[in-house]
Amino acid sequence: MFSWLGDANRTSNLSEPDWSDAPQERLSRGGHRVMSVFLGSIMVFGFLNNLLVLVLFCRFKTLRTPVNMLLLNISVSDMLVCVCGTTLSFASSLRSRWLYGRGGCMWYGFANSCFGIVSLISLSVLSYDRYSTLMVCNRRTPNYRRPLLAVGGSWLYSVAWTVPPLLGWSSYGLEGAGTSCSVTWTVRSPASHSYIICLFIFCLGLPVLVMVYCYGRLLYAVKQVGHIRRTAARRREFHILFMVVTTVVCYLLCWMPYGVVAMMATFGRPGLISPVASVIPSILAKSSTVINPVIYILMNKQVRHTSGPSLWSSARPRSPRSASEPAASHTAAGGTLRTCRRNRSCARSSDSGWCDAWTGGTRTR
Numbered sequence: 205m206f207s208w209l210g211d212a213n214r215t216s217n218l219s220e221p222d223w224s225d226a227p228q229e230r231l232s233r234g235g236h237r238v239m240s241v242f243l244g245s246i247m248v249f250g251f252l253n254n255l256l257v258l259v260l261f262c263r264f265k266t267l268r269t270p271v272n273m274l275l276l277n278i279s280v281s282d283m284l285v286c287v288c289g290t291t292l293s294f295a296s297s298l299r300s301r302w303l304y305g306r307g308g309c310m311w312y313g314f315a316n317s318c319f320g321i322v323s324l325i326s327l328s329v330l331s332y333d334r335y336s337t338l339m340v341c342n343r344r345t346p347n348y349r350r351p352l353l354a355v356g357g358s359w360l361y362s363v364a365w366t367v368p369p370l371l372g373w374s375s376y377g378l379e380g381a382g383t384s385c386s387v388t389w390t391v392r393s394p395a396s397h398s399y400i401i402c403l404f405i406f407c408l409g410l411p412v413l414v415m416v417y418c419y420g421r422l423l424y425a426v427k428q429v430g431h432i433r434r435t436a437a438r439r440r441e442f443h444i445l446f447m448v449v450t451t452v453v454c455y456l457l458c459w460m461p462y463g464v465v466a467m468m469a470t471f472g473r474p475g476l477i478s479p480v481a482s483v484i485p486s487i488l489a490k491s492s493t494v495i496n497p498v499i500y501i502l503m504n505k506q507v508r509h510t511s512g513p514s515l516w517s518s519a520r521p522r523s524p525r526s527a528s529e530p531a532a533s534h535t536a537a538g539g540t541l542r543t544c545r546r547n548r549s550c551a552r553s554s555d556s557g558w559c560d561a562w563t564g565g566t567r568t569r
């Protein structure tokens, strides 16, 4: 994901010999083999995990709730990264060189950046949706308008930030290992620096701040029901805490090394970040396509309790109540949320539904 332009080894890797310079420092053949193993694993498991998510959404109508449209959007964008991006870098790593020329490099850089930003923006919108759902009592009728607008907005937002390098505001080029492409971080020009600063702020920093704020407020709201000593309520409180911490930590581990190293390559001294050192953040960023469906979908209680009996016939039978109300049966007790205090009937209903803001479920009334 990090692009370096050197002065030697004129592109023997590319079909257009005068297009770009190859990196001065290259991975050894063994290093490329190790990288291809990681990329191949990410490609296979990322594709299968997200394909499973799409199959579940197609098969079970109860999963097609408004908030789950955002989860579906994340899976679609992650699958596109695996199909349109990771496959190219995997094949190139096997041959220890970029195989697809300048046009392929520009497509790879644009597609990977676009689909990755869609996923990042969708994650931040999802955190805000869960926060707002928690703080405002649920409506009785599902509203698909806002989630669909958010899905469309995430794609428009991403395209708006990934098209400029194709038009001359910065550019896409080879990354350090020479087997994939991204924004050319080390070009020393005002136009390139201004684009990278904007990209860092609006496509990485802003989503991080939104997630930290919304999930922080979610944790605070969860602690407001801490006086409830029933075992089930406490267990669900710790489950929410675990999910919040897991979400934020995995997000930061996948994307912050990429952002930090990119900024160091852009504003640090030339050669500060070697091509070899850039491989690890690149792999971590790509691994989000495997992690996202596990955290947001496969660990989702609504998904497990809706699809479990069909996918695993040996699963223990559930009671009629849990079969008819898969999401509501796993919601936390409590009635101390600020909004629900102002409405007595809502406060009573919050005992069975407020935790759906985290699990992605909908209440059955």
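Take the numbering used here: the last position of the sequence shown gets the number 569, and nothing is skipped along the way. Even glycine gets a Cβ: it sits at the ideal position worked out from N, Cα and C.
- The alpha carbon of Ser317 has as its nearest neighbour, out of Lys427, His236, Arg421 and Phe404, the alpha carbon of Phe404.
- In the three-state reduction of the DSSP assignment, Ser386 falls in the strand class.
- Separation of the CB atoms of Phe319 and Leu284 is rounded to 5 Å, and the pair is thereby assigned contact status at 8 Å.
- A check of alpha carbon separations from Asn254 across Val494, Trp359, Gln506 and Arg508 identifies Val494 as the nearest.
- Remark: C-beta atoms of Arg421 and Tyr335 approach each other more closely than 7 Å.
- Positions of the alpha helix (DSSP H) runs, each at least 4 residues long and wholly inside the stretch 286-336, are given as 291-299 in order along the chain.
- Looking at Leu303, Gly244, Leu327 and Thr390, the one whose alpha-carbon comes closest to that of Cys454 is Leu327.
- Going by C-alpha positions, Arg233 is about 28 Å away from Val391.
- The DSSP-derived three-state label of Leu378 is strand.
- Rounded to the nearest angstrom, the gap between the Cα atoms of Arg508 and Ala469 is 43 Å.
- By alpha-carbon distance to Ile484, the top candidate from Gly475, Leu457, Arg473 and Lys505 is Leu457.
- Here the C-alpha atom of Tyr500 lies approximately 15 Å from the C-alpha atom of Thr510.
- In the three-state reduction of the DSSP assignment, Tyr348 falls in the coil class.
- Per DSSP, Thr269 is not a residue of any alpha helix (DSSP H), being assigned neither H nor E.
- Taking a 10 Å sphere around the C-beta of Lys490, we find 16 or more other C-beta atoms and assign the residue as buried.
- Beyond the five residues adjoining it in sequence on each side, Thr290 comes within less than 8 Å, by CB distance, of Leu243, Ile246, Met247, Gly250, Lys490 and Thr493 in the same chain, given in chain order.
- Contact annotation: Pro368 and Ser375 have beta-carbon atoms that are not nearer than 7 Å.
- Within the model, the alpha-carbon separation for Val271 versus Leu338 is close to 13 Å.
- Classified as exposed, Ala364 has fewer than 16 neighbouring CB atoms from the shown chains inside 10 Å of its CB.
- The C-alpha of Pro411 lies about 10 Å from the C-alpha of Ile321.
- For Asn496, the uninterrupted alpha helix (DSSP H) segment begins and ends at Val483 to Pro497.
- Rounded to the nearest whole angstrom, the C-alpha separation of Arg473 and Leu408 is 23 Å.
- Each of Ile325, Asn496, Cys288 and Thr383 was checked against the Cα of Ser240, and the nearest Cα belongs to Thr383.
- Boundaries of the alpha helix (DSSP H) around Phe404: Pro394 to Phe404.
- DSSP places Asn504 in the coil class of the three-state scheme, outside both helix and strand.
- With at least 16 other beta carbons inside 10 angstroms of its own, Gln506 counts as buried.
- If you compare the alpha carbons of Val280, Thr266 and Thr269 with that of Leu256, the shortest gap goes to Val280.
- DSSP places Pro368 inside the alpha helix (DSSP H), whose first and last residues are Pro368 to Leu371.
- Looking at the backbone, the Cα of Phe294 and that of Met447 are separated by about 32 Å.
- Residue nearest to Trp389 within the set Val414, Thr269, Phe442 and Val465 is Val465 (criterion: CA-CA distance).
- Counting the other Cβ atoms within 10 Å of the Cβ of Trp302 gives 16 or more, which makes it buried.
- The C-beta distance from Tyr312 to Cys385 rounds to 5 Å, short enough to fall under 8 Å.
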